[in-house]
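If you read the sequences in order, they're chains Y and L.
Each number in my numbering comes from the position in the first sequence (counting from 1) with 5 added on.
Each number in my numbering comes from the position in the second sequence (counting from 1) with 5 added on.
Using N, Cα and C, we set each Cβ at its ideal position, and we do this for glycine too.
Report on the structure given below.
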Amino acid sequence: DAGVIQSPRHEVTEMGQEVTLRCKPISGHDYLFWYRQTMMRGLELLIYFNNNVPIDDSGMPEDRFSAKMPNASFSTLKIQPSEPRDSAVYFCASRASGSGETQYFGPGTRLLVL
Amino acid sequence: QKEVEQDPGPLSVPEGAIVSLNCTYSNSAFQYFMWYRQYSRKGPELLMYTYSSGNKEDGRFTAQVDKSSKYISLFIRDSQPSDSATYLCAMSETQGGSEKLVFGKGTKLTVNP
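See the structure below:
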């Protein structure tokens, strides 16, 4: 299994630009999670989906952030417009129902907003 | 008070040492407890998983949960340089109550040869 796939691995952009992060979960997993990791705040859950439906987006910091999951094998996290304080590592994770609470993480996208 | 507290370290030990990593939490509804290991510039990977109280052993790793004290521990015996990583505790409520994992900030461990 290829594991959770994220792209791009690195993104450098200027303030005000739109940023789109992409995630392909492990095949057969019906939960998908988006996290953000910073030194100050650690790993924070932004939003999670079950069967492509957003269940809890209470961690999304602002309206500038949006996430979609059009099908079981693809999700996007979009930031528009981006700000320097959005600089962080963004992780996608997935898990399967009935597998306990084990989440499998992707390699992350390092975002730097100048 | 944050839901999950974890000493960020850093922790530096010689090869072969026993390492103890800990987290405390405030939410008594947490039932599932995990330890993730994160190597530099990589995603977290599950190391240990425990349900409710008790101990669980896997090779050189032992996870302990004390729900009465709201305290969890990870012990690493005969630590190796390859154990150098950041260790994150994570926990969640009863299945069906919440699907969310709450993470500690992580403890950075360095094992020196």
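Option nearest residue i by Cα separation, candidates the options
{"i": "glutamine 85 (chain Y)", "options": "Y:Arg46, Y:Ser12, Y:Thr18, Y:Gly111", "result": "Y:Thr18"}
{"i": "leucine 119 (chain Y)", "options": "Y:Ser87, Y:Ile60, Y:Tyr53", "result": "Y:Ser87"}
{"i": "leucine 50 (chain Y)", "options": "Y:Ile31, Y:Pro66, Y:Thr107", "result": "Y:Pro66"}
{"i": "cysteine 28 (chain L)", "options": "L:Thr112, L:Lys105, L:Val18", "result": "L:Thr112"}
{"i": "asparagine 57 (chain Y)", "options": "Y:Lys73, Y:Ala98, Y:Glu23, Y:Ser63", "result": "Y:Lys73"}
{"i": "proline 13 (chain L)", "options": "Y:Arg46, Y:Pro30, Y:Glu23, Y:Gln11", "result": "Y:Arg46"}
{"i": "serine 134 (chain Y)", "options": "L:Lys72, L:Phe35, L:Tyr54", "result": "Outside the modelled stretch of chain Y, which goes from 6 to 119, sits residue 134 (chain Y), for which no answer is possible."}
{"i": "valine 18 (chain L)", "options": "L:Gly64, L:Ser87, L:Ser57", "result": "L:Ser87"}
{"i": "alanine 34 (chain L)", "options": "L:Trp40, L:Asn60, L:Leu52, L:Tyr56", "result": "L:Tyr56"}
{"i": "valine 24 (chain Y)", "options": "Y:Cys97, Y:Ser99, Y:Lys83, Y:Thr107", "result": "Y:Lys83"}
{"i": "leucine 117 (chain Y)", "options": "Y:Cys97, Y:Glu106, Y:Asp91", "result": "Y:Asp91"}
Host beta strand (DSSP E) of residue i (start-end)
{"i": "histidine 15 (chain Y)", "result": "15–18"}
{"i": "valine 9 (chain Y)", "result": "Neither: valine 9 (chain Y) is in no beta strand (DSSP E) and is coded neither H nor E."}
{"i": "isoleucine 2 (chain L)", "result": "Absent from the model: residue 2 (chain L). The displayed extent of chain L is 6 to 118, so no value can be given."}
{"i": "lysine 29 (chain Y)", "result": "24–29"}
{"i": "tyrosine 36 (chain Y)", "result": "36–43"}
{"i": "arginine 42 (chain L)", "result": "35–43"}
{"i": "lysine 111 (chain L)", "result": "First, the residue type needs correcting, since residue 111 (chain L) is glycine and not lysine in the sequence shown. Here glycine 111 (chain L) belongs to no beta strand (DSSP E), and DSSP marks it neither H nor E."}
{"i": "lysine 61 (chain L)", "result": "59–63"}
{"i": "serine 78 (chain L)", "result": "76–81"}
{"i": "leucine 51 (chain L)", "result": "50–56"}
{"i": "serine 97 (chain L)", "result": "90–98"}
{"i": "aspartate 71 (chain L)", "result": "66–71"}
{"i": "glutamine 11 (chain L)", "result": "9–11"}
Nearest-angstrom Cβ-Cβ length linking residue i and residue j, presumed shorter than 8 Å
{"i": "alanine 101 (chain Y)", "j": "glycine 8 (chain Y)", "result": "Rounded, the Cβ-Cβ distance is 13 Å, inconsistent with contact."}
{"i": "methionine 20 (chain Y)", "j": "proline 89 (chain Y)", "result": "6 Å"}
{"i": "isoleucine 77 (chain L)", "j": "phenylalanine 38 (chain L)", "result": "5 Å"}
{"i": "phenylalanine 110 (chain Y)", "j": "glutamate 50 (chain L)", "result": "7 Å"}
{"i": "tyrosine 53 (chain Y)", "j": "phenylalanine 38 (chain Y)", "result": "4 Å"}
{"i": "glutamine 36 (chain L)", "j": "glycine 109 (chain L)", "result": "Wrong, their Cβ atoms sit about 17 Å apart, outside the cutoff."}
Beta-carbon contacts of residue i that lie in its chain and below 8 Å, excluding the five residues immediately before and after
{"i": "glutamate 8 (chain L)", "result": "Tyr30, Ser31, Asn32, Val107"}
{"i": "threonine 107 (chain Y)", "result": "Arg100"}
Residues near residue i in its chain [Cβ-Cβ closer than 7 Å; skip 5 each side]
{"i": "arginine 41 (chain Y)", "result": "Glu49, Leu51, Ala93, Tyr95"}
{"i": "glutamine 85 (chain L)", "result": "Glu20, Val116"}
{"i": "alanine 90 (chain L)", "result": "Arg42, Gln43, Tyr44, Leu114"}
{"i": "aspartate 35 (chain Y)", "result": "Asn55, Asn56, Ala101, Ser102"}
{"i": "lysine 105 (chain L)", "result": "Ser97"}
{"i": "leucine 52 (chain L)", "result": "Trp40, Tyr41, Arg42, Phe66"}
6 Å Cβ shell around residue i - same chain, five flanking residues per side excluded
{"i": "arginine 115 (chain Y)", "result": "His15, Val94"}
{"i": "tyrosine 26 (chain L)", "result": "A small fix is needed here, since residue 26 (chain L) is leucine in this sequence, not tyrosine. For leucine 26 (chain L), where only same-chain residues beyond five positions count, the Cβ hits under 6 Å are Leu79, Tyr92, Thr112."}
{"i": "isoleucine 23 (chain L)", "result": "Arg82"}
{"i": "arginine 27 (chain Y)", "result": "Ser12, Thr81"}
{"i": "glutamine 69 (chain L)", "result": "Asn60, Ser78"}
In chain order, each beta strand (DSSP E) run of at least 3 residues that lies wholly inside the region 51–116 of chain Y: Correct list: 58–61, 70–76, 79–84, 93–100.
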